[in-house]
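Protein chains: 2
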Amino acid sequence: MKSVRKPSNQELRTRKDLLTAASRLMKQGRKPTMDEVAQEAMVSRPTAYRYFRSVDALLGEAPVDAAVVDPTQLFANNASDDPEARLLEAEASMHKTVFENEAHLRVMLANSIGRDLSDDSVPARQNRRMPLIEAALAPARDRFTDGDYEKLCAALALIFGTEAMIVFRDVLRVDETTAREVKSWAVRALVRAALR
Amino acid sequence: MKSVRKPSNQELRTRKDLLTAASRLMKQGRKPTMDEVAQEAMVSRPTAYRYFRSVDALLGEAPVDAAVVDPTQLFANNASDDPEARLLEAEASMHKTVFENEAHLRVMLANSIGRDLSDDSVPARQNRRMPLIEAALAPARDRFTDGDYEKLCAALALIFGTEAMIVFRDVLRVDETTAREVKSWAVRALVRAALR
DNA sequence: ATTGACATGAGACATGTGTCTCATTTTTCT
DNA sequence: AGAAAAATGAGACACATGTCTCATGTCAAT
Numbered sequence: 001m002k003s004v005r006k007p008s009n010q011e012l013r014t015r016k017d018l019l020t021a022a023s024r025l026m027k028q029g030r031k032p033t034m035d036e037v038a039q040e041a042m043v044s045r046p047t048a049y050r051y052f053r054s055v056d057a058l059l060g061e062a063p064v065d066a067a068v069v070d071p072t073q074l075f076a077n078n079a080s081d082d083p084e085a086r087l088l089e090a091e092a093s094m095h096k097t098v099f100e101n102e103a104h105l106r107v108m109l110a111n112s113i114g115r116d117l118s119d120d121s122v123p124a125r126q127n128r129r130m131p132l133i134e135a136a137l138a139p140a141r142d143r144f145t146d147g148d149y150e151k152l153c154a155a156l157a158l159i160f161g162t163e164a165m166i167v168f169r170d171v172l173r174v175d176e177t178t179a180r181e182v183k184s185w186a187v188r189a190l191v192r193a194a195l196r
Numbered sequence: 197m198k199s200v201r202k203p204s205n206q207e208l209r210t211r212k213d214l215l216t217a218a219s220r221l222m223k224q225g226r227k228p229t230m231d232e233v234a235q236e237a238m239v240s241r242p243t244a245y246r247y248f249r250s251v252d253a254l255l256g257e258a259p260v261d262a263a264v265v266d267p268t269q270l271f272a273n274n275a276s277d278d279p280e281a282r283l284l285e286a287e288a289s290m291h292k293t294v295f296e297n298e299a300h301l302r303v304m305l306a307n308s309i310g311r312d313l314s315d316d317s318v319p320a321r322q323n324r325r326m327p328l329i330e331a332a333l334a335p336a337r338d339r340f341t342d343g344d345y346e347k348l349c350a351a352l353a354l355i356f357g358t359e360a361m362i363v364f365r366d367v368l369r370v371d372e373t374t375a376r377e378v379k380s381w382a383v384r385a386l387v388r389a390a391l392r
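Listed in order, the protein sequences are those of chains C and Y.
At position 159 of the first sequence the residue is numbered 159 (my numbering), and the sequence of numbers has no breaks.
At position 57 of the second sequence the residue is numbered 253 (my numbering), and the sequence of numbers has no breaks.
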């Protein structure tokens with residue numbers, strides 16, 4: 001049993017400074033050096049390595065500024081219970097933040113994909129899209145069978161995230177408006193299929 | 197106008213040796229060093245850099261062994277004109293090669309995503325999935341409006357490729373069988389929606 | 001066979017990563 | 001305030017990337 005020491009205020013501050021410094025530098029769309037992040041955070045390089053075991057780990061935890069909207073907040077003033085309408089709204093919000101933070105998200109995604117499978121130096125990827133999808137579907141949850149609900153959620157996850165943006169940009173090479181249209185169309189098609 | 201010299205046989209051989217050496221090493225799921233690739237190809241490191249401007253460029257061009265099936269070959273003995281049946285077959289084939297070459301494809305995808313937008317050191321990503329999708333839809337092409345056809349193709353591209361595998365594995369953390377079921381379900385839903 | 005063109009190899013260099021040691025500061029506790 | 005504990009900084013290290021220079025090999029044509 002490993003005893004977990006409570007981090008001191010100083011440690012928490014240093015850690016936070018490193019993360020925000022990394023965020024600031026990543027907004028330029030370039031993968032910053034550990035030295036650059038350390039300098040930006042006014043900290044020495046060894047100290048940076050004391051808090052994060054690699055640049056990738058640090059960059060992987062650096063927060064995206066325009067974080068995904070809080071689901072409860074997004075649907076607070078939207079009285080509709082229609083899953084289609086709610087999903088389209090969620091998708092619009094997600095689409096906006098993904099395309100606005102393309103450079104930052106590219107760096108993070110590249111780091112999380114490229115790791116060796118047995119490499120725990122980069123923290124497990126967190127899933128911001130499922131809470132959003134589930135919140136959008138919540139009012140109509142009982143209109144789906146369990147099986148359909150699971151499949152719908154998973155299929156929507158393919159469409160909502162950064163990976164879809166990569167496909168549109170790098171593989172399909174279409175503009176953002178087209179991407180938006182395709183995603184809306186697909187969301188509608190999927191939710192209708194799940195509703196029978 | 198830059199004059200283009202025809203590469204000598206020796207040059208073609210060296211280039212090919214480097215690529216196949218990279219492929220061999222990448223099958224281990226590890227991103228090999230330029231030194232390792234050079235040694236495996238029995239070539240010095242500077243020579244490797246004479247043919248590829250970076251490890252990423254070399255790795256990005258290294259062929260995936262089980263390349264995507266040739267569309268014409270896949271549908272040769274399948275007399276069905278039903279777009280749904282053909283798409284499901286294409287998806288099955290794509291799914292197999294993607295999941296069998298997961299490690300290799302992860303390296304390639306990470307390299308192509310992470311590059312700076314103005315960086316041409318990594319060759320532009322090639323699109324192997326659209327020919328497959330279009331071949332699957334070809335017999336029924338006139339059953340779709342132009343708009344629906346475009347949207348269907350783009351939406352299917354989100355489901356067919358390596359990126360979807362990443363979502364299933366890293367974000368959803370589901371097994372391959374589940375991934376397969378979700379993809380089949382989504383393909384059916386989308387093609388039916390496009391058919392009205 | 002000899003020459004000239006060209007592919008290659010040996011090795012050095014500048015930079016980034018990640019780790020280490022040791023000295024110095026800063027915090028914390030008494 | 002003074003001592004113990006802990007965080008930090010300075011600087012070195014081994015290794016990978018990517019770029020040089022220069023010497024050597026190899027091929028083709030006369």
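Glycine included, each C-beta is placed from N, C-alpha and C at the ideal position.
Review point. Taking only beta-carbon atoms, is A336 (chain Y) less than 8 Å away from chain C?
Key: Position 140 of the second sequence, counting from 1, holds the residue named residue 336 (chain Y). For A336 (chain Y), not one C-beta of chain C is nearer than 8 Å to its own C-beta.
Exercise for review: Mind checking which residues open and close the alpha helix (DSSP H) that includes L109 (chain C)?
Suggested key: Taking the first sequence and counting its residues from 1, the one referred to as residue 109 (chain C) is at position 109. Run containing L109 (chain C): 102-114, per the alpha helix (DSSP H) assignment.
Review point. Does the count of Cβ pairs from the segment 253-272 of chain Y and the segment 346-357 of chain Y closer than 8 Å reach three?
Key: no
**Study point:** Candidates C:L18, C:A136, C:T97, C:R125, of which the one nearest A110 (chain C) by Cα
**Key:** Translated into the one-based positions of the first sequence, residue 110 (chain C) becomes position 110. Out of C:L18, C:A136, C:T97, C:R125, C:R125 has the C-alpha closest to the C-alpha of A110 (chain C).
Check your understanding: CB-CB under 6 Å to R30 (chain C), same chain, minus the five flanking residues each way: which ones, in chain order?
Key -> Counting from one through the first sequence, the residue named residue 30 (chain C) turns up at place 30. Excluding sequence neighbours, R30 (chain C) sits near nothing in its chain.
Exercise for review: Give the DSSP-derived three-state secondary structure of Q322 (chain Y) in the structure shown.
Suggested key: Mapped onto the second sequence, residue 322 (chain Y) falls at position 126. Reduced to three states, the DSSP call for Q322 (chain Y) is coil.
Practice item. Output yes or no for whether 8 Å exceeds the beta carbon distance between P279 (chain Y) and A336 (chain Y). Key: Here residue 279 (chain Y) is taken as the residue at index 83 of the second sequence, counted from 1. Here residue 336 (chain Y) is taken as the residue at index 140 of the second sequence, counted from 1. Yes.
Practice item. Measuring only between beta-carbons, confirm whether V260 (chain Y) sits less than 8 Å from chain C. Key: Walking along the second sequence from the start, residue 260 (chain Y) turns up at place 64. Chain C contact via Cβ: absent.
Check your understanding: Given D342 (chain Y), which residues of its chain have a CB within under 6 Å of its CB, disregarding the five upstream and five downstream residues?
Key -> Looking up residue 342 (chain Y) in the second sequence gives position 146. Excluding sequence neighbours, D342 (chain Y) sits near nothing in its chain.
Check your understanding: Do you know offhand how far I309 (chain Y)'s Cα is from M230 (chain Y)'s?
Key -> Here residue 309 (chain Y) is taken as the residue at index 113 of the second sequence, counted from 1. Here residue 230 (chain Y) is taken as the residue at index 34 of the second sequence, counted from 1. Cα to Cα, the separation comes out at about 20 Å.
**Study point:** Any 3 or more C-beta pairs closer than 8 Å across the segment 92-99 of chain C and the segment 42-50 of chain C
**Key:** no
Check your understanding: By the criterion of Cβ-Cβ separation under 8 Å, what are the contact partners of A85 (chain C) in chain Y?
Key -> Indexing the first sequence from 1 puts residue 85 (chain C) at position 85. For the C-beta of A85 (chain C), not a single chain Y residue is nearer than 8 Å; the gap to the nearest is close to 17 Å.
Check your understanding: Closest by CA to V251 (chain Y), which one among Y:S380, Y:N205, Y:E232?
Key -> Position 55 of the second sequence holds residue 251 (chain Y). The residue among Y:S380, Y:N205, Y:E232 with its C-alpha nearest the C-alpha of V251 (chain Y) is Y:E232.
Check your understanding: What distance in whole Å lies between the Cβ atoms of L190 (chain C) and A382 (chain Y), which are believed to be in contact at a cut-off of 8 Å?
Key -> As a working mapping, residue 382 (chain Y) is identified with position 186 in the second sequence. As a working mapping, residue 190 (chain C) is identified with position 190 in the first sequence. Contact holds; Cβ gap of about 6 Å.
Review point. Listing by chain order, which chain Y residues have their CB less than 8 Å from the CB of N127 (chain C)?
Key: Against the first sequence, residue 127 (chain C) aligns to sequence position 127. What N127 (chain C) touches in chain Y: V367, L368.
Practice item. Report the three-state DSSP secondary structure of P32 (chain C) (helix, strand or coil). Key: By one-based count along the first sequence, residue 32 (chain C) stands at place 32. In this structure, P32 (chain C) counts as coil in the three-state DSSP scheme.
Practice item. Would you identify the three-state DSSP class for G343 (chain Y), choosing helix, strand or coil? Key: Mapped onto the second sequence, residue 343 (chain Y) falls at position 147. Reduced to three states, the DSSP call for G343 (chain Y) is helix.
Review point. Under a three-way DSSP split, which group does L391 (chain Y) fall into?
Key: As a working note, residue 391 (chain Y) is residue 195 in the second sequence. DSSP places L391 (chain Y) in coil when its eight states are reduced to three.
Review point. Where E102 (chain C) and V174 (chain C) are concerned, what is the direct C-alpha to C-alpha distance, given to the nearest angstrom?
Key: Within the first sequence, the letter at position 102 stands for residue 102 (chain C). Within the first sequence, the letter at position 174 stands for residue 174 (chain C). Rounded to whole angstroms, E102 (chain C) to V174 (chain C) spans 15 Å at the Cα level.
Exercise for review: Name the residue from Y:S240, Y:R325, Y:N274 whose alpha carbon lies nearest to the alpha carbon of V264 (chain Y).
Suggested key: On the second sequence, residue 264 (chain Y) is found 68 positions in, with the first residue counted as 1. With distances taken between Cα atoms, V264 (chain Y) lies closest to Y:R325.
Check your understanding: Expressed to the nearest angstrom, what Euclidean distance is found between the alpha-carbon atoms of R106 (chain C) and I329 (chain Y)?
Key -> The residue you call residue 106 (chain C) lines up with position 106 of the first sequence. The residue you call residue 329 (chain Y) lines up with position 133 of the second sequence. Approximately 26 Å between the Cα atoms of the pair.
Review point. Going along chain C in order, which residues have a C-beta closer than 7 Å to the C-beta of S308 (chain Y)?
Key: If you number the second sequence from 1, residue 308 (chain Y) lands on position 112. Residues of chain C passing the Cβ test: D170.
Review point. What's the gap between the Cα of K198 (chain Y) and the Cα of L348 (chain Y)?
Key: Counted from its first residue, the second sequence places residue 198 (chain Y) at position 2. Counted from its first residue, the second sequence places residue 348 (chain Y) at position 152. Annotation note: pLDDT 47 at K198 (chain Y) (below 50); position unreliable, no value reported.
Exercise for review: Measure the Cβ-Cβ separation of A390 (chain Y) and D338 (chain Y) and say whether it is below 8 Å.
Suggested key: To locate residue 390 (chain Y), count along the second sequence from 1; it is residue 194. To locate residue 338 (chain Y), count along the second sequence from 1; it is residue 142. Their beta carbons are not under 8 Å apart, which means A390 (chain Y) does not touch D338 (chain Y) by this criterion.
Review point. If we ignore side chains and look at the alpha-carbon of each, how far apart do M213 (chain C) and V260 (chain Y) end up?
Key: Here chain C comprises residues numbered 1 to 196, so residue 213 (chain C) is not present and cannot be evaluated.
Check your understanding: According to the Cβ coordinates, are A332 (chain Y) and A275 (chain Y) closer than 8 Å?
Key -> Counted from its first residue, the second sequence places residue 332 (chain Y) at position 136. Counted from its first residue, the second sequence places residue 275 (chain Y) at position 79. For A332 (chain Y) and A275 (chain Y), no; Cβs fall outside 8 Å.
Check your understanding: Given a threshold of 16 other Cβ atoms within 10 Å of its Cβ, counted over all protein chains shown, does R86 (chain C) qualify as buried or as exposed?
Key -> Counted from its first residue, the first sequence places residue 86 (chain C) at position 86. Its Cβ being crowded by 16 or more others within 10 Å, R86 (chain C) is buried.
Check your understanding: Given that K347 (chain Y) touches chain C, what residues does it touch there, using C-beta distances under 8 Å?
Key -> Stepping through the second sequence from its first residue, residue 347 (chain Y) is reached at position 151. Within chain C, the residues near K347 (chain Y) are E181, V182, W185, A186.
Exercise for review: Report yes if the CB atom of P228 (chain Y) is closer than 8 Å to the CB atom of A218 (chain Y), and no otherwise.
Suggested key: Position 32 of the second sequence, counted from the start, is the residue given in the question as residue 228 (chain Y). Position 22 of the second sequence, counted from the start, is the residue given in the question as residue 218 (chain Y). Going by C-beta atoms, P228 (chain Y) is nearer than 8 Å to A218 (chain Y).
Exercise for review: Taking C-beta pairs closer than 8 Å, name the residues in chain C that G357 (chain Y) reaches, listed in chain order.
Suggested key: Working through the second sequence from its first residue, we reach residue 357 (chain Y) at position 161. Residues of chain C passing the Cβ test: V167, V171.
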